[in-house]
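Asks:
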Amino acid sequence: MGPSPRKRLPLWAVSAAASAAALLILGGVALSLASRPTVQTGPVTRSAGQVDIGGPFTLTDQTGATFTEADLQGRPSLIYFGYTFCPDVCPLSLQVMQRALERLPEDQRAQVRPVFISVDPERDTVERLAEYVDTPGFPPGLVGLTGTPEQVEEAKTEFRIFSARGEGEGDFYLVDHTSLIYLMDENGEFAAAFGHTESPETVAAAVADLTG
Ligand code: NI
Numbered sequence: 017m018g019p020s021p022r023k024r025l026p027l028w029a030v031s032a033a034a035s036a037a038a039l040l041i042l043g044g045v046a047l048s049l050a051s052r053p054t055v056q057t058g059p060v061t062r063s064a065g066q067v068d069i070g071g072p073f074t075l076t077d078q079t080g081a082t083f084t085e086a087d088l089q090g091r092p093s094l095i096y097f098g099y100t101f102c103p104d105v106c107p108l109s110l111q112v113m114q115r116a117l118e119r120l121p122e123d124q125r126a127q128v129r130p131v132f133i134s135v136d137p138e139r140d141t142v143e144r145l146a147e148y149v150d151t152p153g154f155p156p157g158l159v160g161l162t163g164t165p166e167q168v169e170e171a172k173t174e175f176r177i178f179s180a181r182g183e184g185e186g187d188f189y190l191v192d193h194t195s196l197i198y199l200m201d202e203n204g205e206f207a208a209a210f211g212h213t214e215s216p217e218t219v220a221a222a223v224a225d226l227t228g
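Per the working numbering: the sequence shown ends with 228, consecutive numbering throughout.
(1) Would you mind reading off the limits of the alpha helix (DSSP H) that contains Arg-115?
(2) Give me the pocket residues for the ligand NI, defined as CB within less than 5 Å of any heavy atom, sorted by chain position.
(3) Do the region 104-116 and the region 68-85 make contact, defined as three or more Cβ pairs closer than 8 Å?
(4) Using 8 Å as the threshold, is the region 160-176 in touch with the region 126-145, meaning 3 or more CB pairs across them?
(5) Give a yes or no on whether 7 Å exceeds the smallest Cβ distance from Ile-95 to chain C.
(6) Counting C-beta neighbours from all protein chains within 10 Å, is the total for Gly-228 16 or more, i.e. buried, or is it exposed?
(7) Between which residues of its own chain and Ile-69 is the CB-CB distance below 6 Å, once the five residues before and five after are set aside?
(8) At a cut of 8 Å, does the region 190-209 reach the region 218-226 through at least three beta carbon pairs?
(9) Any idea what DSSP makes of Gly-43, helix, strand or coil?
(10) Around the C-beta of Arg-129, are 16 or more other C-beta atoms found within 10 angstroms, so that it is buried, or is it exposed?
(11) Among the residues of its own chain, which have a CB less than 7 Å from the CB of Gly-90, if the five just before and after it don't count?
(12) Pull up the CB-CB distance for Val-131 and Ser-179, whole angstroms please, since I reckon it's below 8 Å.
(13) Since I believe Thr-213 is in contact with Phe-97 (beta carbons under 8 Å), could you give me their beta-carbon distance rounded to a whole number of angstroms?
(14) Look up Glu-185 in the DSSP assignment and give the residues it is bridged to.
(15) What residues are listed by DSSP as bridge partners for Arg-129?
(16) Mark Ala-222 as exposed unless 16 or more other C-beta atoms lie within 10 angstroms of its C-beta, in which case mark it buried.
(17) Out of Thr-141, Glu-147 and Gln-127, which has the shortest C-alpha to C-alpha gap to Thr-164?
(18) What's the gap between the Cα of Thr-173 and the Cα of Cys-102?
(19) Alpha carbons only, please: which of Gly-211, Glu-185 and Glu-147 is nearest the one belonging to Thr-100?
(20) Could you give the C-beta distance for Leu-110 and Pro-155, rounded to a whole number, given that I count them as a contact under 8 Å?
(21) Report yes if the C-beta distance between Thr-76 and Thr-84 is below 7 Å; otherwise report no.
Printed below as a string of structure tokens:
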């Protein structure tokens with residue numbers, strides 16, 4: 017990708033960097049933006065026709081502490097929405113995140129806040145997230161977030177994440193979900209999105225651009 021991913025990119029630039037699946041999702045973003053009510057709860061800093069990802073949310077981290085959009089301030093973040101029972105795509109995405117981070121010099125890596133947000137709050141308790149974030153191969157310092165179903169829905173909406181219960185019975189079920197690694201800048205604003213098939217080099221370059 018040629019241009020810097022800093023700040024809000026036009027939709028086409030983001031799509032060029034994303035996987036085919038991500039492209040569909042971001043297409044949906046454009047559509048939902050067009051039909052979205054014009055009520056804004058924060059400062060109006062987003063312009064029409066650009067990707068509007070991120071906004072107010074209240075969740076709980078793996079230590080039981082409250083975590084809101086204010087906690088995304090001050091440092092860039094890499095954010096991924098998924099669920100801890102996910103057999104394949106979520107672990108893969110978190111490993112891509114880590115492989116990208118380990119390419120950076122320590123001082124740059126230390127600036128980045130890696131975040132995993134559950135789309136499966138019924139099963140992803142604080143206790144379960146506490147174990148999950150320590151999985152070998154995941155980014156050290158990974159923040160795991162969950163909440164009430166309503167809080168999770170609120171966060172999903174702000175970040176344009178789709179998820180729905182899939183195959184399975186009882187407590188054993190899959191969850192279909194958007195698989196995008198979001199890079200947010202030090203102001204908590206959207207900078208770039210990557211599919212889970214993105215190369216760690218590409219993700220690292222984008223992160224380096226915000227931390228260099
Ligand atoms: Ni998954």
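In this text, a Cβ means the ideal position worked out from N, Cα and C, and glycines have one as well.
Replies: The answer reads as follows:
(1) Residue 115 sits at position 99 when you count from the first residue of the sequence shown. Its alpha helix (DSSP H) spans residues 105-117.
(2) After applying the 5 Å Cβ criterion, the set is Gly-98, Cys-102, Val-105 and Cys-106.
(3) Contact fails: fewer than three Cβ-Cβ distances are below 8 Å.
(4) The region 160-176 vs the region 126-145: in contact.
(5) The structure shown contains no chain C, having only a single protein chain.
(6) On the sequence shown, position 212 is the one that residue 228 refers to. Looking at its Cβ environment, which holds fewer than 16 other Cβ atoms inside 10 Å, Gly-228 is exposed.
(7) Position 53 of the sequence shown, counted from the start, is the residue given in the question as residue 69. Hits under 6 Å: Phe-175, Arg-176 and Phe-206.
(8) Output reads yes: the region 218-226 touches the region 190-209.
(9) Counted from its first residue, the sequence shown places residue 43 at position 27. Any reading at Gly-43 is ruled out, since the residue's pLDDT is 45, under 50, leaving its predicted position unreliable.
(10) Translated into positions along the sequence shown, residue 129 becomes position 113. Counting of Cβ neighbours within 10 angstroms places Arg-129 among the buried residues, the total reaching 16 or more.
(11) Your numbering for residue 90 matches position 74 in the sequence shown. Leaving aside the five residues that flank Gly-90 on each side, the residues in its chain whose CB is nearer than 7 Å to its CB run, in chain order, Glu-202.
(12) Within the sequence shown, residue 131 is the residue found at index 115, counting from 1. Within the sequence shown, residue 179 is the residue found at index 163, counting from 1. Going by Cβ atoms, the distance from Val-131 to Ser-179 rounds to 16 Å, so no, they are not a contact pair.
(13) Counting from one through the sequence shown, the residue named residue 97 turns up at place 81. Counting from one through the sequence shown, the residue named residue 213 turns up at place 197. About 17 Å separates the two Cβ atoms, so there is no contact after all.
(14) As a position in the sequence shown, residue 185 is number 169, starting the count at 1. Under DSSP, Glu-185 forms a beta bridge with Phe-188.
(15) Working through the sequence shown from its first residue, we reach residue 129 at position 113. According to DSSP, which records beta bridges pairwise, Arg-129 is partnered with Ser-93.
(16) Here residue 222 corresponds to residue number 206 of the sequence shown, with the count starting at 1. Answer is buried; the Cβ neighbour count reaches 16.
(17) Here residue 164 is taken as the residue at index 148 of the sequence shown, counted from 1. Closest option to Thr-164, Cα to Cα, is Thr-141.
(18) Numbered from its first residue, the sequence shown carries residue 173 at position 157. Numbered from its first residue, the sequence shown carries residue 102 at position 86. Roughly 21 Å separates the two Cα atoms.
(19) Here residue 100 refers to the residue found at position 84 of the sequence shown. Answer by Cα proximity: Glu-147.
(20) Sequence index remark: in the sequence shown, residue 110 carries index 94 (1-based). Sequence index remark: in the sequence shown, residue 155 carries index 139 (1-based). The pair is a contact, with the Cβ atoms about 7 Å apart (cut-off 8 Å).
(21) Within the sequence shown, numbered from 1, the residue matching residue 76 stands at position 60. Within the sequence shown, numbered from 1, the residue matching residue 84 stands at position 68. Taking 7 Å as the Cβ cut-off, Thr-76 and Thr-84 do not qualify as a contacting pair.
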